[in-house]
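Asker: Protein chains in written order, with my numbering: chain U, 1313 to 1887; chain Y, 1222 to 1730; chain W, 1436 to 1927; chain Z, -9 to 88. Backbone N, C-alpha and C fix where the C-beta goes; we use that ideal spot for every residue, glycine too. Remember, predicted model here, so these are calculated numbers, not experimental data. Below you will find the structure I want to go over with you.
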Amino acid sequence: MNEMIAHLTPALPVILAGLLAAATPWYGLRKAITLAGPLLAAAMWFAVAAPGTYGVIEVAGHTLETFRFDATSRLWGLVFIIAAFLNALYGLHGRSRLQDAAALIYAGAGVGAVFAGDLLTLFFFWELTALASVFLIWASATPSAYRAGLRYLVIQVLSGVLLLTGAVIHADAAGSWRFDAIGLDSPGGAVILIAFAIKAAFPLVHNWMTESYPKATPFGAVVLSAFTTKLAIYALARGFAGEDILIQIGVVMALFPVFFALVADDLRKTLAYSLMSQLGVMVAAIGLGGQMAIGGAAAMAVASVLYKGLLFMTMGAVLAQAGTVQASRLGGLWRAMPLTALFTLAGSAAIMAVPLTVGFAGKALALTAFAREGMDLVWLALMAASAAAVLHTGIKIPYMAFFAPPREGGVDVSKVKEAPAGMLMAMGLAAFLCVYLGINYGALYDLLPYRATYDPFSYGHVISQLQVIAAVLAAFALLARLGLYPRPRPGEILDVDWLYRRLGYGVARWGWLMTDRLWASMDNVVMRLGKRAAARLHETFSPIGTLSRDIPSGALTIWTGALLALVLIVAYFAS
Amino acid sequence: MIEAFLALFPAAVLAQAPAIMVAAPMLGAALATVLPGGRPAWVVALFCSLITAVFAFVLLFQTWGGEVISYAMGGWAPPLGIEFRIDGLNAPVLLLLGVLSLLGVIFALPSVADEIAPRKQSLFYATFLVCLTGLIGVTSTGDAFNMFVFLEISSIATYILVAMGAEQDRRALTASFNYLVLGTIGATFFVIGVGFLYMATGTLNMHDMALRLVELDDNRVVQVAFAFVIVGLGLKAAMFPLHVWLPNAYSFAPSFVTAFLASTATKVAFYTLIRFIFDVFSVEAPFVSAAFVWVIAALGVIGMIAASVQANFQTDARRLLAFSSVGQLGYMLLGLGIGTAAGVTAGVLHLLNHALMKGALFMALGVFAIRYGVRSINDLRGLGRTMPATASAFSVAGLSLVGIPMTVGFVSKWYLVSAALDRGWWWAVAAIAVSSLLALGYVGRLLASIWLQSPPERALMAAKDRIPVMMLAPMWVLAIANVWFFFDATPIVELARGAAEAALAGAPR
Amino acid sequence: MTVWSVELALVAALVIPLLGGAGVVALGRHPNLREAATLTAAVLLAINVAYLVGAAEARPEITLVHIAPGLDLAFRLEPLGALFAAVASGLWIVNSLYSIGYMRGNEEKNQTRFYLCFTIAIASAMGIALSANLLSMFVFYEALTLSTYPLVAHKGDARARRGAAIYLAILLGTSIGLLLPAIIAVQFIAGSTEFVAGGLLAGAASPLAAGVLLVLFAFGIGKAALMPIHPWLPHAMVAPTPVSALLHAVAVVKAGVFAMLKVGTYIFGPDLIAAAPTSGALAWIAALSIVAASVIALTKDNLKARLAFSTVSQLSYVTLGVMLASPIALLGGALQIVMHAWGKITLFMCAGGIYTATKKTEVSQMRGLGRLMPWTFAAFGIGAASVIGLPFFGGMWPKLFLTEGALDAGKLILAGALIASSILNVAYLMPLVGRGFFDRAPPAKEIRKPAPVLAVLPPVITAIGALLLFFLVGPIVDFLSPVFGLEGGGAP
Amino acid sequence: MSGRRREAGTHPLAALWAWTAAPAARAVGLIVLVVAALALAGADWLRPREDYVGFAAAPGFYALLGLGAAVIAMLAAWPLRRSLERREDYYGGDDGDE
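If you want it as C-alpha cells, here you go:
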C-alpha cells in the first residue's frame, strides 16, 4: 500500500484536491481541502526513498512515466508544492470556489509536468496548466480580462500543440519519448524550443504574460506567477542546457523589459516585466550550461518563485484592499497596511539581492558562473539588468504603493484596511522563507541538481552587491529630487502585442472584409453567369423554349430525314 | 411450380397460346363495340386482359430455358405463312403487356368514368382492346410485314385513345394529330425498310430474312433498309430527337391511356428495335456495330441528358414525366448500344423496371387528377398532407426513377453502369451520373411540391370524398413492385438476361 | 439448441430500432409511453451492441437479402463497425433523453414523426456500421439521408424547407453522381464489393484507377462534408437541436466519415491509398478543409452555425487520417469518430439547452449566461476542451495519433494544419465559456423558464464521458489495433 | 473603541513607518543614501576586492555600474515613454470590443 502511494505522482493529490474543491460548496471544508492537497503532496515528496522513475503506465502504445524523481525535478517539485501551499494560504479568505479549484488544478498540473518523465506526460500537464490557469484570469470578470485570457489561452495551447508536434518528431528520431536533453540538433528540437520559449515568455512571445497577469484576480496573479514560467525554465534546463542561442536571448530578455517595468503604471504589470527580466537571467544561465550556471538558474528559479510570489501577493493584497494597483493612484498606504508594507519590503530586498535574502544567494550563483567562464560582456549586461531591477522593482513597488505621498484624486488611504489574516500569513511565510533561505543558503544549495561549492558571503561579493544597491538607491533619490524620475501616469505603453492586438487584428479584419467583398462580387458574377446560363437553358428546354415548341409536322420530318441520313452515313463509312 | 401452372391448361389450349393472346382482345374489341354502356365493355376488357396476362405467363413458362415457340398462323407454315415466334426476348415483353394491361384496366373503370363521356366509353374500351391486340401482335409476330400491320393497328388505336382526352383538354386533338402524322412517317419509314429487305432477301419472315442477310453484309440495299428500319422504329419508340410527339400525347391523353401507353407502347417499339437489330440484322455486321456506337448509344446519351434537362423545366407534371420517359429511354438505348450481353440485359431490365415506375407514377397522377383535377406541378403542393398514401406511392416510384437504393431503379442503374464499365465506356458512366442528378432534380421538384408546400385551401373543399380502391390497388401493386424487385431482383434480372441471351443467340450464324 | 446467436444479434441491431419506431407510431397518442418506447429501444439496442462488441472477434456475418446474383445485402461484424455502432447506440440513449427535454421544453410539433424518423435513422446508422459490403452500406447510407430529411425540415417553415432541400440535394446528388459509380466500378474491378481486410482493391486496381476512385469516394461520401461539398451541414442547422446533435455526433456525419474510414481500410487498404496519385492532394484538401472551416467558424456569431463549421473541420480529421494511410493515422481517424462524437454532442446539447431556457442563439447574446446556467456551460467547456484536443479529455488522442501519422509521412505542413486548427478551436469555442462565466451576469429574467432537467443532464453525462474517454482509450485502441495491423497497444 | 482615537484608517502597527512621513525624512533620506553609496564605494580603496572579471576589480566599479544603470534607465525612459505611450483605452478598455 505504501509502495502504491509512493509510486503516485504528487500532482495527484493536488489535482484531486482541486476537483474536490470544485465540488465542495462549504467554505470551511473547501479551504481545508485546498490546504490539505499541497500538504499531502509534500508528504509524498518526502516519502520518496530514492531517485527513480515511478508510476509508469502503458496507454495506447505509449509509455507514460508519471513520476520521475531526480535531482532536477525534485527541487522544482518541492518549490511548486510549497508555492501551492502558500497560495492556498493566501487564498484562505477567497470565496470563489472556481478560483480555488483552478488554482489547485493548475498547481497540480505544474507539479505533474515537473515530474513527467516523458514528453507525452509533459504535454498532458503542459496543456493542463494552460487550461486551468485561464480561469484565474477570466475570474476578474471584466471584458478586458476576458479578452486577455482568451489570448492567453490561445498562445498557451499553441505552446502545447507545438510541444506535442516537436515531441512526435523528436520521438520518431530518438526512438523514445523520454524527456532528457533534447538540444537543437535533434529533429523537432527547434519546435520544442519554441513551445518552451512561449511558456518562458521569450521576447516577442512574452506578451501573454505582461498582458494577462495584471488582468488576473489578486489571487490569480499570485498563482500564475509561480508556475507557468518556472515550469518553462525547468523544461529548458532539462532539454536545452548549454544551447548558446539561449545566452543571447537571455540577455535581450533581461534588458528589454527594464524600460517597461519602469514606466508601467500598473504595479502588477511592473512585476510581470520584472519577472520577465529575471527569467532572462535564468535563460542565459541555462544557455551557458555547466553545473554552476544550471545550479544558479535553479536557485534563481526557487528564489523567484518565493519573492515574485511574495510581491504579487502584496500587490494582490493592495488591489484587493485598495481597489487598484495603479501607481498613479496609490501612495501612503503604509498607514493602512503596515504589515503588507513590511512584507513588500522583504520581497523588495530579495529581488534587490540584498545579502541575507534568497535573491542574493540565487543571483550570486548564476552571475558568477558567467564571470568564471570569462563571458565579460554578458556578465556586464546581466549585472546591469539586475541593477536596474533594484530600481524598477525593488524601489518602485514599495515606494509607489506605500511610501510615496498620497496622490490627489487617488485612493483614499483612510478607507483602506489591512489585508485579511490568511493573506498576511501567506505573505509572512513567504517573507520568512525569503530571508531564511538567504541566511541558511546551504539548505537551498543542497537541493540543487548539482552540488554547489560556492560561498556567496565572501567579502568582495557582499560589498560589491551593497555598492550596487546603494548607488541605485542614491541615484533614485537624487533624480527623483530633481524631478527626473518618470513619474507614473496612466496610459498604455505599446509593446509587441501591438503587432497582433492592433496590426494583426486590423489586417485580419481588413482581410476578412476584403474576402467578404470578393465573395460577394464573385457571387454576383457567378449569379449573373448562372442566370444567363439558366436563361439559355430555359430558352432551349422549357415548355416555351426552342426544343419544346410545337414544331409543324413538316419540320419534324426534316429531323427524321436528318437522322436517316446520319444512319446511312454511319452505315456507309462503317462498311 | 411451372409445371403445376402449365398443367392447369389442356394441351390443345397450350399449343394455341400465341393465337389466343392475339385473338382474345381482338374478339373482345368487336364485342365491346356493340355493348351498350361503359361498364359491360369494361368487363369485357378486363376479361380479355386477364386472358392475356394468364397466357403471357403460359408463354413465358413455355419459353423458359431458351425454347422457341414457332406458331404458324392459320396453319400456313413459314416462311410462306405468317409465323408467330415467341422466345426469351419477347415473352417478357408479352408478360409486361399482359400484367400492365390488366392493372391498367382495373385502374381504368373509375378513371374512365370520370374522364370519358358515358356514351363513348364502350368505344373507348374497344379501341383500347384494339390497341392491345396490335401491341401483342407486334410483339409476337415473326413476320416483318405482319409486324408493320400490327404496328399500325396499335398506332391508329393509340391516336384515337389520345384524342379521347379532348374532353378534358382540347389540345389533345392537336397532340393526337401530330402524333398521327409522325407515327405515320415512322410507319412509312419502317415499311420502306421492310420493302428494301424484301427486295434484298425475297422473304418477309424475319427468321428467314436473317438467314439470308448473313451473306449480304455489304449490300447497300440492306444498309439502306437498316437505316429506314432504325429511324422508323426509333420514331415509334420516341428515340431522341424523334420524341416530339410523345410529351403532348402523354400530357393530354386520358389518365389511364397515359399510364398504359407510358408503360407499354414505347416498350414494344423498343422491343422491335432489339428484334431487328439483333435478330434480323447481324450484330457483327460493321454497319450495325457502327450504328450501335454512333447512333444508338450516342442518341441514347444525348437523349437522356437533353430530355432530363427539359423535364426539369416543365410546369406540367405529366409533361415532366413524359420528358422523363424520353430520358429514361436513353438508358435503354445506351444499354442496347453497348451491344454486349450485359448491355442488352441492362437495357431490357430497365425496360421492365421503367414500366413499373412510370405505370405507378402516371396512375398516381391519375388519382391526384380524379380527386383534385390537378395537373401542373404547382397544383401538387400539399398533396403529401391531403393524400399521404397516394403521395407515398408516388414518392416511392419517383425515387425509383432516380435510382435510390431499395427501389428497382437502383438495380437498373447498377447493371447499366456495370455494362458500360465492362465495355470501358467511362463517358457513358459519367453521362448516367449526370442524368441521374437531373432526374433527382425533376423528381425533387415534384416531391418538394408534394411534401413541402402547404396545400392551397381550395383543395380541401374541392376534394371528392373517396378515391376508388380500384385506382389505388393497381397503383400500389406497381409501387410495391418497385421496392419488392429490389430486394428480390433475381426474377426480373433473369428475365432480362434470358431476353438478352435470346436476342444475341437469335441471329443465326 | 441456442435460440440466440451472434448472427441474430446482427439482425436485431437493425430490427430493434425499427420496432421502437413501430412502438412510437402505435403509442403516438400517449407521449409518455411513446418516449418510453424510444428509450426502451435505445437501451435494448445498446445492450445488443455491447454484446456485439464482445463478439466482434469472431467476425460473424449474415446475409439479409439476396438481391441478385453477386448482389447481397449482408452484415458482417468487425471492430470498426462495432465501434461505430457502439458510439451511435450509446449516444442514442443520451440523445433520446435530451430529445424529451428539448422537444417538450420548446413545445415542438409533430413529435411522433420526429421520434419515428429518429428510430429509422438509427436503424440506418446500424446498417451502415454493420454492412458487409459497399452495396449494403450504400443502401443504408441513402436510407439515412432520406430518413433524416423530415427531421431537418421539422420546423416546416420556408427556411427549414430550404435548408432541408439543400441537405437532400447535396447528399443525394453526391451519392448518386459520384459514390454509386465508384461502387459499381469497384464491383467491376474486383468482382465484388466486400469489405476485405487489407483492401479489396489491393492488387486488383492500378494506382491510377485507385486514384480516380479515391476522389470519387472522397467527394461521393457527401456526409463526410469534405470541402467544398460541406454546405449541407450548415444548412441543416435549421433542424431542432437534438437533430443537430444526431447529425453531428451520432449518425449522419459520423456515418460519412465512418464510411470513408471503412472504404479506406477495407476497400483500398493503406498501401493502395499511399500509392494512389491523388491521396496526397486529397490529404491537402482535407487539411485545407480543417483550417478553412475553422476560420469560417470563427466569424459566425450564431452558435449552431459555429458548431456546424467546427464539425466540418473536425470531420476532415478523419478524412485526413484516411488519406495519410498509415496505420497510426487510420487509428487516429477511427478514434476521432468516437471522441468527436462525445465532444460535439455535448456542445450541441448545451446549445440546445441554452436555447430552451433563454431562446438565445447568438454567441454575443450569451454573455454572463453561464452564471445562470452553470451546469450547461461547464459541460460546454469540457466538450470544447475535448474538441480542441486538450489532454485529460478524449479528444486529445486522435490529434496525437493524427499528428504522428502526418509526421511519419513527413508531412510537416499537415501537422501544421492540425496545430492551426487547435488554436482556432480555442478561439471560437472558448469564448462561450469565458464570456458565459466571467462576463457581467445578466439579469435573471433572461431565463424565461429554467431548462428541463432532461435538457441539462444529458450534456453533463456526455461531458463526463468525454473526460472518461481520455482514460479509457487503451481498451479502444487495443480493440481497433488488429484492424490496422498494429501490435496490440497501437505502437507503430 | 481605541480605533476612534487614532486617525481614521490608520493601522495600529502603522507606527512602524511613521518616520517615513516626517517632514525631514526626504531630505535626510537623500543625504543618508548618497553618503552610504559613497562610503561603500570608498571601501574599495581601503580594502581592494578580487573579481573574476578583470575590470570589475577596479575600485568603485559596482557603484558606478549601479549609478550608471539607474541613471540611464531613468533618463532613457523619458523619450521611450514619449514615443510609445498611448491613451489608457487605446485597445478599447473595458467597454470596447476588440
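(1) Quick one: residues in its chain with C-beta nearer than 8 Å to the C-beta of proline 1300 of chain Y, no 5 flanking neighbours on either side, listed in chain order?
(2) Please identify the residue among Y/Val1501, Y/Gly1580, Y/Ser1510, Y/Val1565 whose C-alpha is closest to the C-alpha of arginine 1539 of chain Y.
(3) Taking the alpha-carbon positions, what's the glutamate 1470 of chain W to glycine 1540 of chain W distance?
(4) Are there 16 or more other CB atoms within 10 angstroms of the CB of asparagine 1533 of chain Y, so buried, or fewer, so exposed?
(5) Starting from proline 1331 of chain Y, find everything on chain W with Cβ-Cβ shorter than 7 Å and list it in chain order.
(6) Measuring only between beta-carbons, confirm whether arginine 1741 of chain W sits less than 9 Å from chain U.
(7) Consult DSSP for histidine 1465 of chain W and reduce its assignment to one of helix, strand or coil.
(8) Taking buried to mean at least 16 other C-beta atoms within 10 Å of its own C-beta, is valine 25 of chain Z buried or exposed?
(9) Does valine 1714 of chain Y have its Cβ less than 9 Å from a Cβ in chain W?
(10) Tell me the rounded alpha-carbon separation between histidine 1482 of chain U and threonine 1827 of chain U.
(11) Quick one: does alanine 1886 of chain U have its CB under 9 Å from some CB of chain Y?
(12) Measure the CB-CB distance between leucine 1742 of chain Y and proline 1475 of chain Y and report whether it falls below 9 Å.
(13) Do we get a CB-CB distance below 9 Å when we pair tryptophan 35 of chain Z with the residues of chain U?
(14) Closer than 9 Å, CB to CB, is leucine 1601 of chain Y near chain W or not?
(15) Is it true that the region 1269 to 1289 of chain Y meets the region 1439 to 1454 of chain Y, where meeting means three or more beta-carbon pairs spaced less than 8 Å apart?
(16) At a Cβ threshold of 9 Å, is arginine 1540 of chain Y touching chain U?
(17) Identify every residue that forms a DSSP beta bridge with histidine 1482 of chain U.
(18) Can you tell me whether DSSP reads leucine 1229 of chain Y as helix, strand or coil?
(19) Less than 8 Å between the CB atoms is what I'm expecting for leucine 1565 of chain W and leucine 1668 of chain W, so what's the real figure, rounded?
(20) With a threshold of 8 Å, are at least 3 pairs of Cβ atoms found where one atom belongs to the region 1654 to 1671 of chain U and the other to the region 1610 to 1630 of chain U?
(21) Beta carbons nearer than 9 Å to chain U: which residues of the region 1776 to 1793 of chain W have them?
(22) Using a beta-carbon distance below 9 Å, is leucine 1654 of chain U in contact with chain Z?
(23) Quick one: which chain Y residues come within Cβ less than 8 Å of alanine 1503 of chain W?
(24) Using only the heavy atoms of the ligand PLP, determine whether one of them is closer than 8 Å to the beta carbon of proline 1325 of chain U.
(25) Applying a beta-carbon distance threshold of less than 9 Å, which residues of chain U neighbour leucine 1536 of chain Y?
(26) Given a cut-off of 9 Å, decide if leucine 1577 of chain Y and leucine 1699 of chain Y are closer than it, judged by their beta-carbon atoms.
(27) Quick one: is valine 1638 of chain Y near chain W, going by C-beta distance under 9 Å?
(28) Is DSSP giving threonine 1405 of chain Y helix, strand or coil here?
(29) Give the residues of chain U in contact with isoleucine 1406 of chain Y, contact being defined as C-beta atoms less than 9 Å apart.
(30) With distance defined between alpha-carbon atoms, name the residue in U/Ala1716, U/Tyr1464, U/Met1565 nearest to alanine 1789 of chain U.
(31) Should lysine 1727 of chain U go down as buried or exposed, given a rule of 16 or more other Cβ atoms within 10 Å for buried?
(32) Could you name each continuous alpha helix (DSSP H) segment of 4 residues or more that falls completely within the region 1450 to 1538 of chain Y, going from the start of the chain to the end?
(33) Check the Cβ-Cβ distances between leucine 1841 of chain U and every residue of chain Y, and say whether any is below 9 Å.
(34) By DSSP's criteria, aspartate 1507 of chain W is part of a beta bridge. Which residues make up the other side?
(35) Determine the closest residue to isoleucine 1482 of chain W out of W/Ile1528, W/Val1798, W/Met1865, W/Thr1796, with distance taken between C-alpha atoms.
(36) Using DSSP with H/G/I as helix, E/B as strand and the rest coil, what is tyrosine 1636 of chain Y?
Answerer: On the basis of the coordinates in this document:
(1) Thr1424, Leu1425, Asn1426, His1428, Asp1429
(2) For the residues Y/Val1501, Y/Gly1580, Y/Ser1510, Y/Val1565, the minimum Cα distance to arginine 1539 of chain Y belongs to Y/Gly1580.
(3) 14 Å
(4) buried
(5) Simply none; closest approach about 30 Å.
(6) The beta carbon of arginine 1741 of chain W sits no closer than 9 Å to any beta carbon of chain U.
(7) In the structure shown, histidine 1465 of chain W falls within a coil segment according to DSSP collapsed to helix, strand and coil.
(8) exposed
(9) yes
(10) 38 Å
(11) yes
(12) Outside the displayed span of chain Y (1222 to 1730) sits residue 1742 of chain Y, for which this structure offers no information.
(13) Tryptophan 35 of chain Z does not count as touching chain U.
(14) no
(15) Flag = no, the region 1269 to 1289 of chain Y and the region 1439 to 1454 of chain Y do not touch.
(16) Chain U contact via Cβ: present.
(17) In the DSSP output, where bridge partners are listed per residue, histidine 1482 of chain U has none listed.
(18) coil
(19) That belief does not hold up - the Cβ atoms of leucine 1565 of chain W and leucine 1668 of chain W are roughly 25 Å apart, past 8 Å.
(20) With a cut-off of 8 Å, the region 1610 to 1630 of chain U and the region 1654 to 1671 of chain U count as touching, because enough Cβ pairs lie within range.
(21) none
(22) Yes, leucine 1654 of chain U lies at the interface with chain Z (some Cβ there is under 9 Å from its Cβ).
(23) Per Cβ cutoff of 8 Å: Val1632, Ala1710, Thr1711, Val1714.
(24) Among the components of this structure there are no ligands whatsoever, and the ligand PLP is therefore not found.
(25) Residue identity check: residue 1536 of chain Y is threonine in the sequence provided, not leucine. Per Cβ cutoff of 9 Å: Ser1854, Pro1855.
(26) yes
(27) Answer yes: the Cβ-Cβ gap between valine 1638 of chain Y and chain W drops below 9 Å somewhere.
(28) helix
(29) Ser1865, Leu1868, Thr1869, Thr1872
(30) U/Ala1716
(31) The Cβ neighbour count for lysine 1727 of chain U, taken over all protein chains shown within 10 Å, is under 16; the residue is labelled exposed.
(32) 1466 to 1473, 1476 to 1495, 1507 to 1512, 1519 to 1533
(33) Answer no: the Cβ-Cβ gap between leucine 1841 of chain U and chain Y never drops below 9 Å.
(34) Paired residues: W/His1501.
(35) Distances from the alpha-carbon of isoleucine 1482 of chain W to those of W/Ile1528, W/Val1798, W/Met1865, W/Thr1796 put W/Ile1528 closest.
(36) In the structure shown, tyrosine 1636 of chain Y sits in a helix (DSSP, three-state: H, G or I).
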